[in-house]
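First comes the structure, then the notes that go with it.
There are 2 protein chains.
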Amino acid sequence: MGSRGEGAQRAVRVPEGVDPEVPQGGRKRPFGGLAARRAALLTPPHPRRAASGGRTPLAARGPRRSGLRPRLYRGRMPYFDAASAAPLHPVARQALLAALDEGWADPARLHREGRRARLLLDAAREAAAETVGCRPDELVFTPSGTHAVHSGVSGALAGRRRVGDRLVVSAVEHSSVLHAGEAHAAAGGTVTEVPVGRTGAVDPETFAAELRGPDGGAGAGAAGSGVALACLQSANHEVGTEQPVAEVAEACRAAGVPLLVDAAQSLGWGPVPGGWSLLAASAHKWGGPAGVGFLAVRKGVRFAPQGPSDERESGRAPGFENLPAVVAAAASLRAVRAEAAAEGARLRALVDRIRARVPELVPDVEVVGDPVRRLPHLVTFSCLYVDGETLLSELDREGFSVSSGSSCTSSTLTPSHVLRAMGVLSEGNVRVSLPAGTTEADVDRFLAVLPGVVSGVRDRLGTGAPVPDGGEDLVVDALGKRCPLPVIELAKVIGTVRVGGTVTVLADDEAARLDIPAWCEMRAQEYVGATPSPRGGHAYVVRRLS
Amino acid sequence: MGSRGEGAQRAVRVPEGVDPEVPQGGRKRPFGGLAARRAALLTPPHPRRAASGGRTPLAARGPRRSGLRPRLYRGRMPYFDAASAAPLHPVARQALLAALDEGWADPARLHREGRRARLLLDAAREAAAETVGCRPDELVFTPSGTHAVHSGVSGALAGRRRVGDRLVVSAVEHSSVLHAGEAHAAAGGTVTEVPVGRTGAVDPETFAAELRGPDGGAGAGAAGSGVALACLQSANHEVGTEQPVAEVAEACRAAGVPLLVDAAQSLGWGPVPGGWSLLAASAHKWGGPAGVGFLAVRKGVRFAPQGPSDERESGRAPGFENLPAVVAAAASLRAVRAEAAAEGARLRALVDRIRARVPELVPDVEVVGDPVRRLPHLVTFSCLYVDGETLLSELDREGFSVSSGSSCTSSTLTPSHVLRAMGVLSEGNVRVSLPAGTTEADVDRFLAVLPGVVSGVRDRLGTGAPVPDGGEDLVVDALGKRCPLPVIELAKVIGTVRVGGTVTVLADDEAARLDIPAWCEMRAQEYVGATPSPRGGHAYVVRRLS
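First to last, the sequence lines map onto chains A and B. Each residue of the first sequence is one higher than the one before, starting from 1 at the first, in the working numbering. Each residue of the second sequence is one higher than the one before, starting from 1001 at the first, in the working numbering.
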């Protein structure tokens, strides 16, 4: 399967000399250009000034001079992509700065700088373990959440090689889990993806059945099923739906299968329900620095680290410890947790407002994900007849930074694997994830701006007025046309056939497979099915019901 | 083989409540305790103060209040372990702080924060590539130098699987290279270690012969030799000896074998001579932050990244980019390079002074490594009849932070693999590596303190006065005694046998294998050889010559 995760969104190529701060056609503000700042960032200052700790041109342009700072930061303009990365929490920044002074040395050394680093590392591990809910010696720091997942999956699979080679994962895991699964399959292992319902959650019973093996066998012993490891995220990164971790953990316990929980999206909001065997997380999701992940492996879980051996982090995460970042990660997790209940409730209400208002304000929208069992800060919706990349770019021009799982914003030109697994509309997809501190006014402004942005995109794509109805069955050739054009073509002509008649859309864009059925559901038309088309792609048949 | 690298020094276990800043028996300075600081580091401040950017207790204890800062930093007390990790360069600190503001977002995203991060990442890559001497699209950022080596070795071996499965490395590579070799061997591959001479350098001809294969075959084509990859460090991390990279690169070119150069220790001092195919480096060695390595792979080198796939860093380094640290790493490399010629010459003279003075000031010392073809800032020597861990601890008490390759300071209880490969004395081993800014006064004070420290350790171990000579052959039972006791026992009794008579030392400490022959060479006695002893360990036979 073509899994698509956090990192897959196509990178925009900004030509040399173009300042990404300046909206197209906008005026460049004096002194504020990134080109100048990045030149300053990478140019060594005069050695004497640097040695004396003197201010460099960059330092002189630092945080205090607000006129020279990008106007986006510190909540001045709404950044709504916290699920990708959150700005550094003030506590993380302070801890990082202090640990840069205290903790730059090698914690494996015997000298005082080394011992000081070792104490900081131990203290960070204790703090992190307490927040995660495990023993300090069960937790190691990794260079990223992705590394934590890769190491956790490969180590647990190798540790239980004798039990079997089956890996069971939900279909909506983060790409790091799915990629680890692909590597396992490429090495001869078996990977089973547990499907999800329309809200994006797995059914615990379905998951449990996979643990019992294809023949339904084994029951309490794992030997019969051959399942070495199960993986389930705590909450989905694209639609926010919480997974039934406690129930699945209980099923895993009953089947004798260890459960790895990818807690990247939720750990800042609270501990993962007990019963997990391995847990992975990523600090930059909760306002910690980049470069730090956690991998916790409960005592008693068979675990055999893969790859070259290394003395550091119990042999589970090779390489010199990124100590300042580790300290900052642990400190910021504590800090965000202290604020999580209050801030979570506040953001939950803001997201509720988005979930309720968007369908009222914008026609032909599908809000996806579980409305209740969800992350507090995240909501995803899709807009019919809209090109996701244009929508993102128009929202960006209005000052709103969001993310999308639409096919046209991914490097693979396929819709997000999460939306596909859920079977929901993918065109014009928008993920809004609010960072801590988002205000009601930010959200209101978003809701004020969105309808005009969507209708502007739709107008330009020419969804047009329907033609009078009553005609014969039609075939629409949308081969070579990219999302959302096949759906737009369908919508244009459906009114021209008689009720009971069909429109057949020929399309080779991957998103059509998801979006034409989703359109039918939204418009109460009948989706008859798809057959391979002789000229490539598929023929999607839709019957007009009303 | 029991390879031992940078990270293998045994971590000291400081009991809870003991402040590592306070020498044993010393007085604890008020307010300066690490326990208080680390508590502050990891405790979230009052949310309101944090949110408003207010100063936390930690911030209030920050860099400006010098009375509360550890007295070690900013060159106040000599830190002589720069080859393990160097304090953050001021330019790195400034770049890091700026990039924390500018570059926290996901560079794969389309919104303005993402585009800004992407531009910073691209600029850092251009700067790093320029300094390394390669094209930007040939260089990726990894989470550490160890990761760069692991990925580089596994990717190059996999890319040339059809050519063969042989990996040729020098015997004195960093542990990350040797561990990658062990993993290759465990997977069925072949690893050949090229020996080094007494200075620690490989002989280019010997290296070239290994590339031609065991049968001397193949010549220009690699098919006959089956060598998939060769690895050679630019300079040794324990003794500072520069390797003949240009000559070996030429031999590799002639044999059609790609050469991976681990440039971790030298990149801050200057570019690696051309001809390499892959290059690995580590930012915290040149005053960049932890958490960043470089891996450069020349265009045309067959390379197949191993492990789960990932969209980031050309698929060669999975996980969210550690962008602020990457920017700081590139900026500080430029900065240290700008100062490298002048600072290198200055430190080279200081090291020359240590190399010349230590043998004059301290009896029974062997200074190891090449005196000329070497890193500017690093010197290693070993002291007979001295326990390395005690020596480190006494130097630490005097304020000097150094490192050691002695067996008693390693977790494996074996001497450093580098010293073993060189065949030099390992007991009482000290590595001095000077950070930029080390003063003549620092070095003079070290030279003033060292003789007393060494003789103090020797006195406590009781090297004692020799017994009158003329007696029969002797057998000394040192089984169960740890380094340096077997050599001390030998030295005590050698004078008691007649000239031409022998002393047989029974010892099971790993270091004896290295240190008894080394002692014989230093003392102009004859090392006859070793045979396995029936009670475990070996019987080392030494003939008295004078």
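Ideal placement from N, C-alpha and C gives every residue a C-beta, glycine not left out. Predicted model only: the values in this text are computed from it and were never measured.
So, at 6 angstroms on beta carbons, what are the nonlocal neighbours of residue 494 (chain A) in its own chain, with the 5 sequence-adjacent residues on each side left out? Counting from 1 along the first sequence, the entry for residue 494 (chain A) is found at position 494. Same-chain partners within the cutoff: 503 and 544.
C-beta contact flag for residue 294 (chain A) and residue 155 (chain A) at 8 angstroms: By one-based count along the first sequence, residue 294 (chain A) stands at place 294. By one-based count along the first sequence, residue 155 (chain A) stands at place 155. Not in contact: residue 294 (chain A) and residue 155 (chain A) (Cβ atoms no closer than 8 angstroms).
Within 8 angstroms (strictly less), CB to CB, does residue 167 (chain A) reach chain B? Along the first sequence, read from residue 1 onward, the residue named residue 167 (chain A) stands at position 167. False, the Cβ-Cβ gap to chain B never drops below 8 angstroms.
Assigned exposure category for residue 448 (chain A) - 16 Cβ within 10 Å defines buried: Counted from its first residue, the first sequence places residue 448 (chain A) at position 448. That one is exposed.
Less than 8 angstroms between CB atoms is the rule here; does residue 1206 (chain B) satisfy it with respect to chain A? Along the second sequence, read from residue 1 onward, the residue named residue 1206 (chain B) stands at position 206. Chain A contact via Cβ: absent.
Please check if any C-beta of chain B sits within less than 8 angstroms of the C-beta of residue 402 (chain A). Within the first sequence, residue 402 (chain A) is the residue found at index 402, counting from 1. Closer than 8 angstroms to some Cβ of chain B, the Cβ of residue 402 (chain A) qualifies, so yes.
So, are the CB atoms of residue 1257 (chain B) and residue 1234 (chain B) less than 8 angstroms apart? Residue numbering aside, residue 1257 (chain B) sits at position 257 when the second sequence is read from its first letter. Residue numbering aside, residue 1234 (chain B) sits at position 234 when the second sequence is read from its first letter. Going by C-beta atoms, residue 1257 (chain B) is not nearer than 8 angstroms to residue 1234 (chain B).
Span of the alpha helix (DSSP H) around residue 1359 (chain B): Residue numbering aside, residue 1359 (chain B) sits at position 359 when the second sequence is read from its first letter. Run containing residue 1359 (chain B): 1323-1361, per the alpha helix (DSSP H) assignment.
For residue 1390 (chain B), which residues of its own chain have a beta-carbon under 6 angstroms away from its beta-carbon, when the five flanking residues on both sides are left out? Here residue 1390 (chain B) corresponds to residue number 390 of the second sequence, with the count starting at 1. The answer, listed in chain order, is 1457.
On a Cα-Cα basis, can you pick out the residue from B:1122, B:1441, B:1367 and B:1412 that is closest to residue 1079 (chain B)? Here the question's residue 1079 (chain B) lines up with position 79 in the second sequence. It is B:1441 whose Cα lies nearest to the Cα of residue 1079 (chain B).
I'd like to know if residue 1173 (chain B) contacts chain A, where contact means its C-beta is closer than 8 angstroms to some C-beta of that chain. Locating residue 1173 (chain B) in the second sequence gives position 173, where the first residue counts as 1. By this cut-off, residue 1173 (chain B) is not an interface position.
Which residue wins for smallest C-alpha separation from residue 372 (chain A), given the options A:471, A:361, A:227 and A:348? To locate residue 372 (chain A), count along the first sequence from 1; it is residue 372. Checking every option, the nearest Cα to that of residue 372 (chain A) belongs to A:348.
So who's on the other strand from residue 538 (chain A), going by DSSP bridges? Along the first sequence, one-based indexing puts residue 538 (chain A) at 538. Per DSSP, A:507 and A:532.
Can you check whether the CB of residue 229 (chain A) is closer than 8 angstroms to the CB of residue 167 (chain A)? Numbered from its first residue, the first sequence carries residue 167 (chain A) at position 167. Numbered from its first residue, the first sequence carries residue 229 (chain A) at position 229. Against a cut-off of 8 angstroms, the Cβ pair of residue 229 (chain A) and residue 167 (chain A) comes out as a contact.
Determine whether the Cβ of residue 1578 (chain B) lies closer than 8 angstroms to any Cβ atom of chain A. There is no way to answer for residue 1578 (chain B), as the model of chain B reaches only from 1001 to 1546.
Residue-level contact to chain A via CB, residue 1137 (chain B), 8 angstroms cutoff: Locating residue 1137 (chain B) in the second sequence gives position 137, where the first residue counts as 1. Closer than 8 angstroms: no.
Alpha carbon of residue 44 (chain A) to alpha carbon of residue 1274 (chain B), nearest angstrom: Locating residue 44 (chain A) in the first sequence gives position 44, counting from the first residue. Locating residue 1274 (chain B) in the second sequence gives position 274, counting from the first residue. The pLDDT assigned to residue 44 (chain A) is 46, lower than 50, so where the model puts this residue is not dependable, and the model offers no usable value.
Are the CB atoms of residue 1433 (chain B) and residue 1378 (chain B) nearer to each other than 8 angstroms? Residue numbering aside, residue 1433 (chain B) sits at position 433 when the second sequence is read from its first letter. Residue numbering aside, residue 1378 (chain B) sits at position 378 when the second sequence is read from its first letter. Result yes, Cβ atoms of residue 1433 (chain B) and residue 1378 (chain B) sit closer than 8 angstroms.
Report, in whole angstroms, the separation of the C-beta atoms of residue 453 (chain A) and residue 366 (chain A), which I expect to be a contact under 8 angstroms. Counting from 1 along the first sequence, the entry for residue 453 (chain A) is found at position 453. Counting from 1 along the first sequence, the entry for residue 366 (chain A) is found at position 366. Residue 453 (chain A) to residue 366 (chain A), Cβ: 17 angstroms. No contact.
Which residues in the same chain have their Cβ closer than 8 angstroms to the Cβ of residue 1153 (chain B), if we skip the five residues on either side of it in sequence? Counting from 1 along the second sequence, the entry for residue 1153 (chain B) is found at position 153. The answer, listed in chain order, is 1167, 1177, 1180, 1181, 1184, 1229, 1231 and 1260.
What is the DSSP secondary structure of residue 431 (chain A), counted as helix, strand or coil? Counted from its first residue, the first sequence places residue 431 (chain A) at position 431. Residue 431 (chain A) falls in the strand class under three-state DSSP.
Which listed residue (A:368, A:353, A:352 and A:383) has its alpha carbon closest to that of residue 362 (chain A): Along the first sequence, one-based indexing puts residue 362 (chain A) at 362. The option with the nearest alpha carbon to residue 362 (chain A) is A:383.
Less than 8 angstroms between C-beta atoms, sequence neighbours within five positions excluded: which residues of the same chain meet that for residue 1306 (chain B)? Locating residue 1306 (chain B) in the second sequence gives position 306, where the first residue counts as 1. If we look at residue 1306 (chain B) and ignore the five residues flanking it on each side, its Cβ neighbours are 1151, 1154, 1155 and 1158.
Taking a contact to mean a Cβ-Cβ separation below 8 angstroms, would you say residue 338 (chain A) touches residue 289 (chain A) in this structure? For the purposes of this step, residue 338 (chain A) is taken as residue 338 along the first sequence, with counting starting at 1. For the purposes of this step, residue 289 (chain A) is taken as residue 289 along the first sequence, with counting starting at 1. For residue 338 (chain A) and residue 289 (chain A), no; Cβs fall outside 8 angstroms.
Establish whether the CB of residue 1429 (chain B) and some CB of chain A are separated by less than 8 angstroms. Counted from its first residue, the second sequence places residue 1429 (chain B) at position 429. Not an interface residue.
Taking only three categories from DSSP, how would you classify residue 1520 (chain B)? Taking the second sequence and counting its residues from 1, the one referred to as residue 1520 (chain B) is at position 520. Note: residue 1520 (chain B) maps to helix in three-state DSSP.
What number of angstroms, rounded off, separates the C-alpha of residue 483 (chain A) from the C-alpha of residue 1110 (chain B)? Sequence index remark: in the first sequence, residue 483 (chain A) carries index 483 (1-based). Sequence index remark: in the second sequence, residue 1110 (chain B) carries index 110 (1-based). If I take the Cα positions, the gap works out to 18 angstroms.
What number of angstroms, rounded off, separates the C-alpha of residue 1164 (chain B) from the C-alpha of residue 1252 (chain B)? Taking the first residue of the second sequence as 1, we reach residue 1164 (chain B) at position 164. Taking the first residue of the second sequence as 1, we reach residue 1252 (chain B) at position 252. Looking at the two C-alpha atoms, the distance is approximately 15 angstroms.
Buried or exposed, going by whether 16 or more other CB atoms sit within 10 Å of the CB of residue 404 (chain A)? Within the first sequence, residue 404 (chain A) is the residue found at index 404, counting from 1. By the neighbour-count rule (16 or more Cβ atoms within 10 Å), residue 404 (chain A) is buried.
Within 10 angstroms of the Cβ of residue 1459 (chain B), are there 16 or more other Cβ atoms? Answer buried if so, exposed if not. Within the second sequence, residue 1459 (chain B) is the residue found at index 459, counting from 1. Result: exposed.
Listing by chain order, which chain B residues have their CB less than 7 angstroms from the CB of residue 79 (chain A)? As a first step, residue 79 (chain A) must be located in the first sequence, where it is residue number 79. Within chain B, the residues near residue 79 (chain A) are 1113.
Please give me, in chain order, every unbroken run of the beta strand (DSSP E) with length at least 3 that falls completely inside the segment 127-197 of chain A. 139-142, 166-170 and 190-194
Using a Cβ-Cβ cut-off of less than 8 angstroms, list which residues of the segment 315-328 of chain A approach chain B; keep chain order. 318, 319, 320, 321, 322, 323, 324, 325 and 327
So what does residue 565 (chain A) bridge to, in DSSP terms? One cannot answer for residue 565 (chain A) here, as it falls past the ends of chain A, which runs 1 to 546.
Would you please verify whether the beta carbon of residue 1531 (chain B) is less than 8 angstroms from any beta carbon of chain A? In the second sequence, residue 1531 (chain B) corresponds to position 531, counting from 1. False, the Cβ-Cβ gap to chain A never drops below 8 angstroms.
What did DSSP end up calling residue 1049 (chain B) once you bin it into helix, strand or coil? For the purposes of this step, residue 1049 (chain B) is taken as the residue at position 49 of the second sequence. No answer about residue 1049 (chain B) holds up, because its pLDDT of 39 lies below 50 and its placement is not dependable.
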